[in-house]
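One line per chain: the protein sequences are A and B, in this order.
Numbered by my numbering, the letters in the first sequence go through residues 1 to 117 in order.
Numbered by my numbering, the letters in the second sequence go through residues 1001 to 1112 in order.
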Amino acid sequence: GAVVSQHPSRVICKSGTSVKIECRSLDFQATTMFWYRQFPKQSLMLMATSNEGSKATYEQGVEKDKFLINHASLTLSTLTVTSAHPEDSSFYICSARVPGTGINEQFFGPGTRLTVL
Amino acid sequence: LAKTTQPISMDSYEGQEVNITCSHNNIATNDYITWYQQFPSQGPRFIIQGYKTKVTNEVASLFIPADRKSSTLSLPRVSLSDTAVYYCLVGDANQAGTALIFGKGTTLSVSS
Chain A
1 GAVVSQHPSR VICKSGTSVK IECRSLDFQA TTMFWYRQFP KQSLMLMATS NEGSKATYEQ
61 GVEKDKFLIN HASLTLSTLT VTSAHPEDSS FYICSARVPG TGINEQFFGP GTRLTVL
Chain B
1001 LAKTTQPISM DSYEGQEVNI TCSHNNIATN DYITWYQQFP SQGPRFIIQG YKTKVTNEVA
1061 SLFIPADRKS STLSLPRVSL SDTAVYYCLV GDANQAGTAL IFGKGTTLSV SS
């Protein structure tokens, strides 16, 4: 099946620094990717829709200047958490849909655990 | 988007059949029902999808009654490795490729 990878899998940073998370579709092209955030014991929360070659669409309440999304190619989307603070510590997950697969079938990356000290 | 309601948690023992029911009273004509599984510290994984009646694959079965206001995910003979969170989602077939909206999910705990 289709594979979505994320890098890094885990990152620890100091408060005030910026962190970049990569999401790659390894064996298919994805014009659209999605970024989610998941806090402990909670469900996934959609942050934004990443569109190749255009601006991302952010969900209400997600600061676009803090969570910078770039989708420069059909296989790579990046999420940069700028000036990270402890409250940004979370599990960040990306996903993409493979054309021709099930209607609501998407492939998720393994996630990136961000810890801000 | 139709809202879904699932039990918060369920407990089972190895070898038993587990049925997780999801309510989606406001499901629309074009909506499909999809289930995902998520292990701790991993991304969700697609399990099964259906529109009506019964769908079966190598992992699970999905039962959808005629009124489609609910659905039941059936896991036959669960093992310890089936301990996970299971999410029921309802999505419009005409909006395939849009983001998935996750509810709270059902935490299934399987014991020996």
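Where is the CB? At the ideal position from N, CA and C, for every residue including glycine.
Query raised in the report: Does the beta-carbon distance from GLN38(A) to ILE93(A) come in below 8 Å?
Result: yes
Any beta carbon from chain A within less than 8 Å of ILE1101(B)'s own beta carbon? yes
| said: At the level of alpha carbons, what is the spacing between GLY102(A) and ILE12(A)? | reply: 36 Å
Worksheet entry | Contact set between GLN1042(B) and chain A, taken where Cβ atoms lie within less than 7 Å | PRO110, GLY111
The segment 1010-1020 of chain B touching the segment 1073-1082 of chain B, judged by at least three CB pairs closer than 8 Å: yes
Note to self: If the criterion is Cβ atoms closer than 8 Å, does the pair ARG1068(B) and ILE1027(B) meet it?
What the structure shows: yes
In its own chain, which residues sit with a C-beta less than 8 Å from the C-beta of HIS85(A), not counting the 5 before and 5 after it?
-> SER15, GLY16, VAL116
Can you grab the Cα-Cα spacing for the pair THR1107(B) / PHE1039(B), in whole Å? 10 Å
### Message
Please return the same chain residues whose Cβ sits closer than 7 Å to the Cβ of ASP88(A), not counting the five positions on each side in sequence.
### Response
VAL81, LEU114, VAL116
Check the Cβ-Cβ distances between TYR1086(B) and every residue of chain A, and say whether any is below 8 Å.
no
Notebook entry, point to check: Where does the unbroken beta strand (DSSP E) through ILE1128(B) begin, and where does it stop?
Noted result: What is shown of chain B runs 1001 to 1112, which leaves residue 1128(B) out entirely.
Q) For the beta strand (DSSP E) that contains PHE39(A), what are its first and last residues? A) Careful: PHE39(A) lies outside any beta strand (DSSP E) and carries neither H nor E.
* Let me know if ILE69(A) comes out buried or exposed under the rule of 16 or more other beta-carbons within 10 Å of its beta-carbon. => buried
Backbone CA spacing between GLY150(A) and ALA1066(B) [nearest angstrom]:
Nothing can be reported for residue 150(A): it is not among the residues displayed for chain A, which extend from 1 to 117.
Original post:
Going along chain B, which residues have a C-beta under 7 Å from PHE34(A)?
Top reply: ALA1099
Checking contacts by CB at 8 Å: is ILE135(A) closer than that to chain B?
-> The requested residue 135(A) is not part of the displayed model; chain A covers only 1 to 117.
Note to self: Residues of chain A with CB closer than 9 Å to the CB of ARG1045(B), please, in chain order.
What the structure shows: PHE107, PHE108
*Taking the alpha carbon of LYS64(A) as the point to measure from, which residue in GLN6(A), PRO8(A), SER83(A), GLN42(A) has its own alpha carbon closest?*
SER83(A)
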